[in-house]
Each structure stands twice: as structure tokens, then as C-alpha cells.
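By the count of this note's numbering, the sequence shown reaches residue 898 at its end, each step adding exactly one.
Below: the structure, in C-alpha cells.
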Amino acid sequence: MPSLAVATELGVRNARMPLEGVVTAGQPTEEQLEALRAAGFENFISLRPTAEDGAGWEEAHASDGSYDFQRLPISGGDDLTRANVEAFAAALEESGDGPTVLYCASSNRVGAMLALKAFWLDGASAEEALALGQAAGLTRLEGRVGELMEEGR
């Protein structure tokens with residue numbers, strides 16, 4: 746199974762592995778994505794809207810069908826909705842057991858979505874969910890995630 750070491754050796758920004766088989770990270774370059782694929786990563790999920798600087802090239806790159814690419818555009822705190830978390834969970838489910846790279850610009854949105862998924866859908870406590878989010882890169886959105894957990898939405 747591909748490991749976190751592959752991503753860190755490639756210099757993928759903020760690469761972490763908070764879940765078995767799932768690397769969370771900032772936006773990989775095209776060269777890094779190719780190297781991650783060569784190392785055995787099969788699924789790539791971007792939380793970046795195509796209009797963000799450095800994003801939007803992946804759909805054309807994945808059009809040959811050699812790997813699975815999904816985009817769920819999360820622009821910030823306003824997009825941390827239950828519907829988006831459910832779509833995020835579905836995207837992860839579609840990845841199955843295949844090694845997955847889950848990314849945004851810095852991994853902050855990734856951490857937020859993982860924390861909310863853990864809390865809303867997986868039954869984790871707020872503390873456990875926040876710890877998972879932080880392990881995945883949650884930083885600036887932590888306050889908003891905490892508010893949403895308190896609201897119980």
C-alpha cells in the first residue's frame with residue numbers, strides 16, 4: 746500500500762495520513778500527482794473550486810480513465826453544510842479501499858470536512874472529531890467547525 750512517506754518525499758504540501766490509506770494534503774502539482782499515481786494512489790478528491798489558482802486542471806488530466814478523480818468544491822466556512830459532508834462521505838465511499846489523496850489548497854478544508862463527517866455521520870464525539878480534523882490539517886476553520894458541532898447540525 747502506498748504510504749505517507751511517498752507524499753512527503755515528493756514535497757506534497759502538508760501531507761498527512763490521519764486514516765489508513767488516505768493521505769490528506771494541500772494541492773499537488775501535476776508532477777506530484779503523476780508520481781503519487783505511479784506509487785499506487787488510485788483515487789484523488791479535490792475540495793477546491795476550479796476557479797481557485799492552481800486548480801481545475803485535474804479533470805482533463807484524469808480524462809484518460811487511468812485513475813479516479815472527483816471534485817467537491819468547498820470554498821470556505823459557508824460550504825460546511827450537512828449536504829456537502831454527505832457528498833464528501835459518498836466520494837470517500839466510492840474510493841473504497843483504494844489508496845486515496847484528499848486535498849484542498851492547504852488541507853484546512855479537508856480537515857474540516859473529515860471532522861464534520863466524523864461528528865455528524867460516524868458518531869464521533871466533538872473532541873474525537875476535532876482531533877481527526879486537526880490531524881488532517883484543520884486550522885483556520887476550526888472555530889466554524891466547533892460552532893457547527895455545538896449547533897448539532
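In this text, a Cβ means the ideal position worked out from N, Cα and C, and glycines have one as well.
All of these numbers come straight from a predicted model, not from anything done at the bench.
Checklist entry - If you count every other CB in all the chains shown that lies within 10 Å of the CB of S791, and 16 or more means buried, which is it? => result The residue is buried, with at least 16 neighbouring Cβ atoms inside 10 Å.
Checklist entry - What's the gap between the Cα of E776 and the Cα of N829? => result When rounded, the distance between both Cα atoms is 29 Å.
Checklist entry - Contact check, G771 vs S851 under 8 Å by CB: the rounded distance? => result G771 to S851, Cβ: 5 Å. Contact.
Item to check | DSSP state of V757 mapped onto helix, strand, coil | outcome: In this structure, V757 counts as coil in the three-state DSSP scheme.
Next on the checklist: What would DSSP say about S808, mapped onto helix, strand or coil?
Outcome noted: DSSP places S808 in helix when its eight states are reduced to three.
Next on the checklist: Quick check on the DSSP output: what are the complete alpha helix (DSSP H) runs of length 4 or more inside the stretch 834–881, in order along the chain?
Outcome noted: Here the runs fully enclosed are 853–861, 871–881.
Item to check | Reference F814, options G801, D824, S748, closest by Cα | outcome: Residue G801 is the option with its Cα nearest to F814.
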